[in-house]
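Sequential numbering from 549 applies to the sequence shown in the working numbering. Think of the CB as a built atom: it goes at the ideal place given N, C-alpha and C, for glycine as much as any other residue. Keep in mind it's a predicted model, so treat the numbers as computed, not measured. Worksheet for the structure shown next.
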Amino acid sequence: MALEPLSIKNMEEKTEDIYEAVVVMSKRAKQILSDRVVDEMISSAEEEVEMGVYDQVVEKTPEDYEELEKVTTVAVNEFVEGDIEWTNDEEKNL
549 MALEPLSIKN MEEKTEDIYE AVVVMSKRAK QILSDRVVDE MISSAEEEVE MGVYDQVVEK
609 TPEDYEELEK VTTVAVNEFV EGDIEWTNDE EKNL
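See the structure below:
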């Protein structure tokens, strides 16, 4: 998988402060990761209920492996495309 260059100017178009952009993207990446963990926990709990046997070990084969896009890549793409909305609470308090 080749890396694609990312222009900082694309990020600066969305916000005046590059540090704010980094914070927004990192928080979004954490949200995506959290959502994936919750989804995995829910699906594994459903599998246990379906099996009815808790001592049985389910082996996953390489065919079962699903490669997901990295959370940072998803967050950066969403930010650059304008799919993320955020507010700056510090500016509201001034």
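Presumed contact (8 Å Cβ cut-off) between residue i and residue j, rounded CB distance
{"i": "residue 620", "j": "residue 577", "result": "5 Å"}
{"i": "residue 566", "j": "residue 559", "result": "6 Å"}
Pairwise C-alpha distance: residue j and residue i
{"i": "residue 588", "j": "residue 582", "result": "10 Å"}
{"i": "residue 557", "j": "residue 629", "result": "13 Å"}
{"i": "residue 624", "j": "residue 570", "result": "9 Å"}
{"i": "residue 637", "j": "residue 586", "result": "28 Å"}
{"i": "residue 594", "j": "residue 618", "result": "25 Å"}
{"i": "residue 626", "j": "residue 614", "result": "21 Å"}
{"i": "residue 562", "j": "residue 555", "result": "12 Å"}
Cutoff 6 Å; reference residue i; Cβ partners in own chain excluding five residues on either side
{"i": "residue 622", "result": "580"}
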